[in-house]
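Asker:
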Amino acid sequence: MSVRATARISAVRDGRGATTLPVLESDGPLALRRTRAALPGAARVTVVGAMSAPLGGDRLAIEVRIGQGARLGVGSAAATIALPGTGPRAEPARYDITLKVEDGAGLDWLPEQLVSAHGSELHMTTVAELAPTARLMLREEQVLGRHGETTGTLLSRLTVRRCGRPLLDQQTAYGPGAPGGWDGPAVLGGHRAVGQLLLVDPAFDDKGPDTRLLGPTAVLTRLAGPAVLVTALAADARELRTLLDRAADELADRASG
Numbered sequence: 002m003s004v005r006a007t008a009r010i011s012a013v014r015d016g017r018g019a020t021t022l023p024v025l026e027s028d029g030p031l032a033l034r035r036t037r038a039a040l041p042g043a044a045r046v047t048v049v050g051a052m053s054a055p056l057g058g059d060r061l062a063i064e065v066r067i068g069q070g071a072r073l074g075v076g077s078a079a080a081t082i083a084l085p086g087t088g089p090r091a092e093p094a095r096y097d098i099t100l101k102v103e104d105g106a107g108l109d110w111l112p113e114q115l116v117s118a119h120g121s122e123l124h125m126t127t128v129a130e131l132a133p134t135a136r137l138m139l140r141e142e143q144v145l146g147r148h149g150e151t152t153g154t155l156l157s158r159l160t161v162r163r164c165g166r167p168l169l170d171q172q173t174a175y176g177p178g179a180p181g182g183w184d185g186p187a188v189l190g191g192h193r194a195v196g197q198l199l200l201v202d203p204a205f206d207d208k209g210p211d212t213r214l215l216g217p218t219a220v221l222t223r224l225a226g227p228a229v230l231v232t233a234l235a236a237d238a239r240e241l242r243t244l245l246d247r248a249a250d251e252l253a254d255r256a257s258g
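Just so you know, we're using this note's numbering here: the sequence shown kicks off at 2 and counts up by one.
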């Protein structure tokens with residue numbers, strides 16, 4: 002039996018400048034827990050998997066809204082594993098993320114890896130709507146197959162709009178049914194982990210970093226706006242995280258310097 006679940010988070014800034022969470026609504030396998038924030042005045046939420054999900058046919062969603070001046074970090078307690086459905090004709094699973102960040106607000110969307118298990122089929126979308134002075138750091142990490150197995154089918158789309166205008170809109174597809182060449186030398190080249198780090202920061206209006214290679218399997222691309230995108234390939238999840246963490250530290254220093 003498939004699961005339909007939508008979890009919701011709303012963050013606002015109170016009169017003392019602290020971020021509060023008037024809406025923290027868990028649903029189904031998506032359990033939300035308030036955890037300790039790293040920065041004063043900010044809030045942090047951890048998504049905890051209450052059951053195995055997403056399975057084939059599941060429809061999961063997380064909706065996040067950050068009010069003016071609020072600061073929120075969202076992470077997850079463990080990797081998300083996309084698994085095959087239980088029936089012989091299970092439909093693809095869907096996982097939809099919606100992020101809305103208002104003026105002067107900041108969101109760090111930093112979940113753990115998404116693992117595409119053999120036999121699974123997942124369609125995932127992330128849509129971010131940003132106000133002119135909003136800040137967003139977003140990380141996506143995808144691991145194609147568990148240890149010793151081939152990947153499932155993973156279709157992922159990331160859409161970011163700033164001031165109502167497109168900033169980034171890209172789609173990737175891996176596994177059975179994906180366009181030919183996805184696992185060839187021009188795309189993955191034998192790597193099993195792929196990820197990206199997006200930073201949208203008004204501080205980059207005047208001093209954004211230039212496009213350049215960060216190594217043999219990683220590149221930083223300056224976007225048409227106060228934003229940069231780091232894309233990386235790696236042999237495994239640990240190596241991928243190291244690459245993206247190093248890039249995140251560098252970008253944070255550049256934005257605050």
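No residue lacks a Cβ here, since even glycine has one placed at the ideal position from N, Cα and C.
Just reading off the beta strand (DSSP E) that D109 is part of, what are its end residues?
Answerer: 107-111
Asker: Could you give the distance in angstroms between the alpha-carbon of L168 and the alpha-carbon of V161?
Answerer: 5 Å
Asker: So, with DSSP's three-state summary, where would you put T243?
Answerer: helix
Asker: Give every residue of the same chain whose Cβ lies closer than 6 Å to the Cβ of L199, excluding the five residues on either side of it in the sequence, and list them in chain order.
Answerer: L139, L230
Asker: So which of I63, L108, L40 has the shortest CA-CA distance to L73?
Answerer: L108
Asker: Starting from the Cα of Y175, find the closest Cα among R163, R166, G146 and give me that residue.
Answerer: G146
Asker: Applying the 10 Å Cβ sphere with the 16-neighbour rule, what's the burial state of S53?
Answerer: Here S53 is exposed: its Cβ has fewer than 16 other Cβ atoms, across all protein chains shown, within 10 Å.
Asker: What is the DSSP secondary structure of S257, counted as helix, strand or coil?
Answerer: helix
Asker: Looking only at C-alpha atoms, which of R60, V46, Y96, S117 sits nearest to A194?
Answerer: S117
Asker: E142: buried (16+ other C-beta within 10 angstroms of its C-beta) or exposed?
Answerer: Buried: at least 16 other Cβ atoms inside 10 Å.
Asker: Between V24 and T173, what straight-line distance do the alpha-carbon atoms span, to the nearest angstrom?
Answerer: 32 Å
Asker: Determine the direct distance from the alpha carbon of P180 to that of S77, and round the result to whole angstroms.
Answerer: 31 Å
Asker: For the beta strand (DSSP E) that contains D170, what are its first and last residues?
Answerer: 166-175
Asker: Among residues of its own chain, excluding the 5 on either side of G29, which ones have a beta-carbon nearer than 6 Å to its beta-carbon?
Answerer: V4, A6
Asker: Locate the beta strand (DSSP E) running through D207, then write down its first and last residues.
Answerer: From DSSP, D207 is part of no beta strand (DSSP E) but of the alpha helix (DSSP H) over 205-208.
Asker: Using a threshold of 9 Å, state whether the C-beta atoms of P55 and R95 are closer than that.
Answerer: yes
Asker: Could you tell me whether the segment 118-131 touches the segment 186-193, using the rule of 3 or more Cβ pairs below 8 Å?
Answerer: no
Asker: Let's see if you can read the secondary structure: which residues bound the beta strand (DSSP E) around H124?
Answerer: 122-131
Asker: Considering only C-alpha positions, which residue in the set R239, T21, T36, G16 is nearest to P66?
Answerer: Note that residue 66 is Arg in the sequence shown here, rather than Pro. Out of R239, T21, T36, G16, T21 has the C-alpha closest to the C-alpha of R66.
Asker: Alpha carbon to alpha carbon, how far is V75 from E26? Give it in angstroms, no decimals.
Answerer: 14 Å
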